[in-house]
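Shown next, in structure tokens, is the structure this report addresses.
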Amino acid sequence: MKDRSQARLKRLAVHRVGNKSKDEGVIASKELVDLHDEQLYDLLVNYFLSPFKQEEFFRFTHTSDLALNEMFAYAALIFNEPQKFQEYSIHILNHLYQQSDHPKVKSGELYVVHFDGCVMQDEVVEAIGIFKSENKDTFLTIQDEDDDLNVNYHSGVNLKGVDKGCMIYNTEAEDGFRVKLVDVNGYDAAFWREDFLNVTELKDTNYNTKTVMNLCKDFSEEVFARTDSKKAQVEFISRSVDYFSKSETFDLEEFTSSVIDEPETKERFMHYSQTFAEERDIEGFTDFAINKNTVRNMKRKFRNFIKLDTQIEIKFSGYNPEQSEQFVERGFDKERNMHFYKVYFNNES
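Positions in the sequence shown are counted from 1; adding 629 to them yields the numbering used here.
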């Protein structure tokens, strides 16, 4: 969430959920958590909201009828009848337990949270947070006893980040609400996203920007990797990132013309783009507004260096397409029977 300053924690229920395949059961709390302690309140707000820094939004879905999605239904009930929050939080607990039937799913604490004052694209809305803590850390405690220090330890939840979580914002209800996810344990990602929540990623500007940048990354690795020229691969990546950084909108034909020079490579890219879209059932990605935050986040995934088999790497600082074209030259030394790169520069630093 971009702005946490207005968000207020109104209600919090904490339960314990086990693994169903191991018959671990659940423990449902009888009362909501007392939030009058200011220090505890601040710790909890930061713990729950700080992980949501990504751009991706999701929405609830169902194969036949959105109303049959359990988590969508429980969220709508809480928004409409907040006085029954504790009751509905137990329904969410039981629904999570029913989905926790894979041996790898860990037991843990379930936090069901009701917020208001959450900022969503200049709109202030309510939100429901669902969080699960699975991993415990051991903490040392130092206590004063009779003018001496005593060292002890205890097991608890590390407040640096939640293991699994989602925020359900009370907007676009007819389209499955707007949902954000966090899941640091990749081994059971399908359990949280698909089985428990049943959400699909929203096809917005972030989705389109990320999808096409991944298309470029895959094309560079699958097409240019089969050629001798790694320099051409880095040039394509550099030009692609430069296009996304400087342009406000993406147009497939304009992008292809400005990034790729060789007619044969252009044709391969257009064919690759069509196949890429068909395999993933993607529509409408040929013309869209570019999400600049997504571009900044995606840049780190693009390889801007050439790795050689002589334990040498040539790294390009930033993504300036002129660098590889003007200052790096590729050739072949017949005497050594080896390829080489010639690098031009003015001064060393």
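Note that beta-carbon positions come from the ideal geometry of N, C-alpha and C, so glycine has one too.
Of all the options Phe853, Glu653, Val888, which has the alpha carbon lying nearest to the alpha carbon of Pro732? Glu653
Taking 8 Å as the cut-off, does the segment 682-696 touch the segment 760-774 (at least 3 CB pairs, one atom from each stretch)? no
Within its chain, find whatever has a CB closer than 8 Å to the CB of Glu713; leave out the 5 residues flanking it on each side and keep chain order. First, the residue type needs correcting, since residue 713 is Lys and not Glu in the sequence shown. These residues qualify, in order along the chain: Leu706, Ile707.
Span separating the alpha-carbon of Met630 from that of Glu752: Bear in mind that a pLDDT of 49 at Met630, under 50, signals an unreliable position, so the model cannot answer this.
Taking C-beta to C-beta, are Leu810 and Leu826 nearer than 9 Å? yes
How long is the line joining the alpha carbons of Cys747 and Cys795, rounded to whole angstroms? 14 Å
Have a look at Glu891, Val841, Ser849, Lys921 and flag the residue whose alpha-carbon is nearest the alpha-carbon of Gln903. Val841
Let me know if Leu641 comes out buried or exposed under the rule of 16 or more other beta-carbons within 10 Å of its beta-carbon. buried
Decide if the segment 915-923 is in contact with the segment 828-840; the criterion is three or more beta carbon pairs, one per stretch, under 8 Å apart. yes
From what residue to what residue does the alpha helix (DSSP H) around Lys895 run? 892-908
Inspect the CB distances between the segment 959-978 and the segment 894-901 and report whether three or more fall short of 8 Å. no
Which of the three DSSP states, helix, strand or coil, is assigned to Met630? Because the pLDDT of Met630 is 49, which lies under 50, any placement of that residue in the model is unreliable, and the question is left without a value.
Let me make sure I understand the geometry here. Which of Tyr872, Phe879, Ser876 has the alpha-carbon closest to that of Val888? Tyr872
Roughly how many angstroms separate the alpha carbons of Gln727 and Asn648, rounded to a whole number? 9 Å
Pair within 9 Å by beta-carbon distance, Val852 and Thr894: yes
Would Leu788 and Val646 qualify as a contact pair, given that the criterion is a beta-carbon distance under 9 Å? no
Exposed or buried, which one is Met749 when buried takes at least 16 other CB atoms within 10 Å? buried
Spatial neighbours of Gln635 in its chain, beta-carbon cut-off 7 Å, leaving aside the 5 residues before and after: Gly746, Val748, Val753
Beta strand (DSSP E) runs wholly inside the segment 779-816, at least 3 long, in chain order: 793-798, 807-812
With H, G and I counted as helix, E and B as strand and the rest as coil, what does DSSP make of Tyr836? helix
Roughly how many angstroms separate the alpha carbons of Asn966 and Lys936, rounded to a whole number? 19 Å
Does any CB atom of chain B fall closer than 9 Å to the CB of Val780? Judged by its chain identifiers, the structure shown contains no chain B, having just a single protein chain.
Entirely enclosed beta strand (DSSP E) segments - the segment 654-717, minimum 3 residues: 687-689
Evaluate Asp792 with the Cβ neighbour count: other Cβ atoms within 10 Å of its Cβ, from every protein chain shown; 16 or more gives buried, anything less gives exposed. buried
N-terminal and C-terminal residue of the alpha helix (DSSP H) that Glu738 is part of: Not the alpha helix (DSSP H): Glu738 falls in the beta strand (DSSP E), residues 737-749.
Between Glu908, Leu881, Arg909, which has its C-alpha nearest Glu982's C-alpha? Absent from the structure is residue 982, since the part of the chain shown begins at 630 and ends at 978.
Cut-off 7 Å between Cβ atoms - residues of its own chain near Ala702, not counting five sequence neighbours on either side: Ala696
Can Met918 and Thr878 be called in contact, C-beta distance under 9 Å? According to the sequence shown, residue 918 is Ala rather than Met. Result yes, Cβ atoms of Ala918 and Thr878 sit closer than 9 Å.
Arg925, DSSP secondary structure in three states: helix
By Cβ distance, which residues of its chain are closer than 7 Å to Leu661, with the 5 residues on each side in sequence left out? Arg640, Leu641, Ala642, Gln715
For Lys651, which three-state DSSP category applies? helix
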